[in-house]
Amino acid sequence: MPVDTPHSAYIAHEKKAQRVRDAVAGTDAIKGARTAYLPHPVAGYERLAGELLQEADDRYAAYLQRASWLGVTGRTHEGMLGGVFRKAPTAELPSSIDYMLEDADGSGMALEQFAKLCVSALEQSGRAGVLVDYPEAEDGLTREQTRGLRATLRYYDSQSIINWRREGEALTLVVLRETYEDEVDEFERNQETQYRVLRLEDGVYTQQVYRDNKPAGDKVTPRDAAGNAWREIPFQFLGAKNNDEIPDKPLLLDIADLNIAHYRNSADLEEGAFLCGQPMLHVDIGDLDSNQWQELNPNGVQVGSRRGIQTKGGSIAMVQAEERNLPLSLMEQKEKQMLALGARLIEQRGQNETAEAVRARSGAENASLSSVATNVSNGIENALRWALSFMGGTGNVIYQLNQQFYAEDADPQEVAARIQELDRGLIAKKDYRDWRRRTGGIDPERTDEEIDADVATGGTDLGVI
Numbered sequence: 002m003p004v005d006t007p008h009s010a011y012i013a014h015e016k017k018a019q020r021v022r023d024a025v026a027g028t029d030a031i032k033g034a035r036t037a038y039l040p041h042p043v044a045g046y047e048r049l050a051g052e053l054l055q056e057a058d059d060r061y062a063a064y065l066q067r068a069s070w071l072g073v074t075g076r077t078h079e080g081m082l083g084g085v086f087r088k089a090p091t092a093e094l095p096s097s098i099d100y101m102l103e104d105a106d107g108s109g110m111a112l113e114q115f116a117k118l119c120v121s122a123l124e125q126s127g128r129a130g131v132l133v134d135y136p137e138a139e140d141g142l143t144r145e146q147t148r149g150l151r152a153t154l155r156y157y158d159s160q161s162i163i164n165w166r167r168e169g170e171a172l173t174l175v176v177l178r179e180t181y182e183d184e185v186d187e188f189e190r191n192q193e194t195q196y197r198v199l200r201l202e203d204g205v206y207t208q209q210v211y212r213d214n215k216p217a218g219d220k221v222t223p224r225d226a227a228g229n230a231w232r233e234i235p236f237q238f239l240g241a242k243n244n245d246e247i248p249d250k251p252l253l254l255d256i257a258d259l260n261i262a263h264y265r266n267s268a269d270l271e272e273g274a275f276l277c278g279q280p281m282l283h284v285d286i287g288d289l290d291s292n293q294w295q296e297l298n299p300n301g302v303q304v305g306s307r308r309g310i311q312t313k314g315g316s317i318a319m320v321q322a323e324e325r326n327l328p329l330s331l332m333e334q335k336e337k338q339m340l341a342l343g344a345r346l347i348e349q350r351g352q353n354e355t356a357e358a359v360r361a362r363s364g365a366e367n368a369s370l371s372s373v374a375t376n377v378s379n380g381i382e383n384a385l386r387w388a389l390s391f392m393g394g395t396g397n398v399i400y401q402l403n404q405q406f407y408a409e410d411a412d413p414q415e416v417a418a419r420i421q422e423l424d425r426g427l428i429a430k431k432d433y434r435d436w437r438r439r440t441g442g443i444d445p446e447r448t449d450e451e452i453d454a455d456v457a458t459g460g461t462d463l464g465v466i
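First residue of the sequence shown? That's 2 in the working numbering, and the numbers climb one at a time after it.
Set out below in C-alpha cells:
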C-alpha cells in the first residue's frame, strides 16, 4: 500500500471533525461548502440541463445567500478556550528546556500558545498530536558545536495524523502528512505534500520522509543526548477523552450538528418569507376581456397611493401570506437544545449571571473541558520529558493547565466575614489573599511581596490585609 493510505478509523472521524471545524470557522466555511450543509431545494437538480438547470442554480444561489448562520459553535469554542486560559498554566521546567516557555516549536511560539493550539484542536476535532524532535546534527561535530541545537515540539492536527499502528504496548508506526514549499522562482512557491513516517523497527526509532509515494531521503535515527537510539517513538497523542491513538469524538460535535440544522431551518424561513411574505396584487377584471383591460390600463398595473387603474366591475385586493411559525419554532427549539449542551449564545445585556449559575447550566461542558485540560497537561508534560532527554537535562517537569474555568463569586457579607476571621486570627493573611485571588478581588498575578510593598508605600499598612 502507498504511504498516503489512511487508517480505517481516520476517514470516518475526519468527516465529523470537519463539520466542527467549519462550524467554528463560521459563515464563509459553511456557505462555501454549499450542499454539504445546505441541501438543494430542487429535488433531482443534478439531472436537469439547459435553462431548467440554470433556473435551479439561480434559485439555489439566492437560497444560499439568504440563509443566516448563527455563530454558536465558534462562540462556544472561544468561551471554552478562554475558560481554560483564564489563568496562566502552572509551569516549572528544568533550565535545559526552560527556553520552551518562550519558544516551544522553534519558530517563536510560546509554550502557552502551543497549549492553546492543542486545547482548540481537541474542542474541534477530538484529537491532536505532538512530535518531539531534534535537529539532525552532522557527523563529527563537537559538543560545543551542537550546543545551539534545541529540541522542539511539533504540533499536528487530526487531519495530519493519517495512519498509526500499535503492537502490544508499543507504538510502532505513525504517518504524518506535512506541507513543504517547492520554489518555482524568486516570487512564487507552491505548497506541496509530503509524509513523515515514524517507525519503531527492532526496538529502534527512525524517521523517513516520502514525496510522491517514494522515499525522499534515507532513514534517520534520532538519538538522545548520550548518543543512544530511542527505544520508543516520541510522539504524543492527545484526545478529548484520553491520550491513546484511537480518535475521540470532537468535544463540540453535538453543538455543531445542531448549529448546522439551525442554519438549514434559517434558509427555509428566509426563502418562505421572500416568496410568500411580500404582498401581491390580485385584480378581478370582472366582465372585461383582456383587450378591454389593456385599453383601459395601457401601462399595466402600478401599485401606489398616487396611482390608479380603471375597471368595469370586478374587484381589487392585496394578497399576503399569513405568518407561519414552523421554521421559526424549529430554530428556537434548536437554540434551546444547543444551550442545554453548553452552547454560548448572545448574552442579554443588563442581566448578570453568577459564575455558579453558569457552572450549573454548563455542567456537562465543564466536565468534558476538564478532561481536555487534564489530557493536554499530561500530554505536554510527557512531551517535555522527552525534550529533556534530547537535551540531556535532569529535573522535574510540571505543566498544568487551569481547571477553574469561572471566577468564584464573593458577596459583601462573605468578604466582611473573611476579614473578621483574619482580624481574630482564625485564618492567615495568605489564606485571605489566596481566596481574594480566586474571587477576583486581587489580580492572580500579584504576589504577596508586591502587595506588602504597595501597602507600605501607600501608608495604609493596618497590619491586617
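Using N, Cα and C, we set each Cβ at its ideal position, and we do this for glycine too.
Check: DSSP-derived helix/strand/coil call for I428; Outcome: coil
Check: Reduced DSSP category for A230 - H, G, I as helix; E, B as strand; rest coil; Outcome: strand
Check: Exposure label - Y181; buried when at least 16 CB within 10 Å; Outcome: exposed
Check: C-beta atoms of A30 and S126 nearer than 8 Å; Outcome: no
Check: Secondary structure of T36, DSSP reduced to three states; Outcome: helix
Check: Outcome for L259 when other beta-carbon atoms lying within 10 angstroms are tallied against a minimum of 16; Outcome: buried
Check: Close beta carbons around Y64, own chain, < 7 Å, minus the five adjacent residues each side; Outcome: P42, A268 and E272
Check: C-alpha distance - P95 paired with A62, whole-angstrom precision; Outcome: 58 Å
Check: Simplified DSSP state of N164, which is helix, strand or coil; Outcome: strand
Check: Expected contact under 8 Å - CB spacing of S378 and Y400 to nearest Å; Outcome: 6 Å
Check: C-alpha gap between L201 and L132, whole angstroms; Outcome: 14 Å
Check: Alpha-carbon spacing of D453 relative to G426, whole angstroms; Outcome: 18 Å
Check: Residues near E193 by beta carbon distance below 8 Å, same chain, minus five either side; Outcome: T180, Y181, E182, D183 and R212
Check: For E79, three-class secondary structure by DSSP; Outcome: helix
Check: Status (buried if at least 16 other CB within 10 Å, exposed otherwise) for E1; Outcome: Shown here, the chain extends from 2 to 466; a query on residue 1 therefore has no answer.
Check: Cβ distance (whole Å) where S518 is taken to contact A111 below 8 Å; Outcome: Beyond the ends of the chain as shown, which are 2 and 466, falls residue 518; an answer cannot be given.
Check: Of the residues D5, I443, T458 and R438, the one placed nearest K215, counting alpha carbons only; Outcome: D5
Check: Cβ-Cβ distance between L370 and V85 below 8 Å; Outcome: yes
Check: Runs of beta strand (DSSP E) lying entirely within the stretch 100-127, each at least 3 residues, in chain order; Outcome: none
Check: Residue closest to A227, alpha-carbon to alpha-carbon, out of T375, S390, L254 and A384; Outcome: S390
Check: Q405 in three-state terms, based on DSSP; Outcome: coil
Check: R419, DSSP secondary structure in three states; Outcome: helix
Check: Sequence-distant residues of its chain with Cβ nearer than 6 Å to G107 (five each side left out); Outcome: T153
Check: Own chain, CB closer than 8 Å to G27, minus 5 neighbours either side, in chain order; Outcome: W70, G72 and G75
Check: Boundaries of the beta strand (DSSP E) in which N1 is found, first to last residue; Outcome: Because residue 1 is not part of the residues shown, which for the chain are 2 to 466, the question remains open.
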